[in-house]
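Position one of the sequence shown corresponds to residue 78 (the working numbering), numbered consecutively onward.
The C-beta atom is built at its ideal place from N, Cα and C for all residues, glycine as well.
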Amino acid sequence: MSREAGAGRKEFRPPGTGGTSNAAGERAEREAEAFLRGRGMRILARNFRSRCGEIDLVAQDGETVVFVEVRSRSSDAFGSAQETVTAAKRRRIIRTALVYAQSRGLDAPLRFDVVAISPRGLEHIPGAFDGTGAAS
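Take a look at the structure:
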């Protein structure tokens, strides 16, 4: 039985060029969750996964179900945290959100928010993109 070359190895990324460590990502998600709770939202799920992808936080804001992508950057040198939510990422989030909504029989308005955390602070962007993936 042969192993693929490089199997089990982590991809090398120079510091500050994208990605966050698990610990940093978890801290950012906890910070975003606390912020959203402080704004009166109820957290329905954390790190919801399906074969389509993952959603960091699912919250309820009044009657609206909100799917939240949390982005964290230690520097804006290679773009802001919000800019890292690409069109492909938005499409994956939307597909995953539809799986979540269908699996729970939800008949409520859906919204897609981004919480961007950077050295400048936390920025909440309600309705950052719509259900087609178009940025607002």
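Given a cut-off of 9 angstroms, decide if GLU106 and ARG123 are closer than it, judged by their beta-carbon atoms. Closer than 9 angstroms, so yes.
From this set, ARG168, GLU108, SER152, which residue's C-alpha is nearest CYS129's C-alpha? Here the closest residue by C-alpha is ARG168.
With H, G and I counted as helix, E and B as strand and the rest as coil, what does DSSP make of ALA212? For ALA212, the three-state secondary structure derived from DSSP is strand.
According to DSSP, is PRO91 part of a helix, a strand, or is it coil? Any answer about PRO91 is weak, because its pLDDT of 42 lies below 50 and its placement is not dependable; what the coordinates show is given next. Looking at PRO91 - three-state DSSP - the assignment turns out to be coil, as it is neither helix nor strand.
By the three-class DSSP mapping on this structure, what secondary structure does GLU106 have? Reduced to three states, the DSSP call for GLU106 is helix.
Using the Cα positions of VAL162 and GLU140, report the straight-line distance between them to the nearest angstrom. In this model, VAL162 and GLU140 are separated by some 25 angstroms (Cα to Cα).
Taking C-beta to C-beta, are LEU230 and VAL142 nearer than 9 angstroms? A query on residue 230 cannot be resolved here, the shown segment of the chain reaching from 78 to 213 and no further.
Tell me ILE120's beta-bridge partners as DSSP assigns them. Under DSSP, ILE120 forms a beta bridge with ALA136.
Using beta-carbon positions only, say whether ASP190 and PHE144 come within less than 9 angstroms of one another. Yes, Cβ-Cβ distance for ASP190 and PHE144 is below 9 angstroms.
Status (buried if at least 16 other CB within 10 Å, exposed otherwise) for ARG150: Counting Cβ neighbours within 10 Å, ARG150 comes out buried, since at least 16 surround it.
Fully enclosed by the region 142-201, which beta strand (DSSP E) runs are 3 residues long or longer? Fully enclosed beta strand (DSSP E) runs of no fewer than 3 residues occupy 187-195 of the region 142-201, in order along the chain.
So, SER152 versus PRO196, is the Cβ gap smaller than 9 angstroms? Contact flag set, yes.
Spatial distance of VAL192 from ARG148 (CA atoms): A straight line joining the alpha-carbon of VAL192 with that of ARG148 spans about 6 angstroms.
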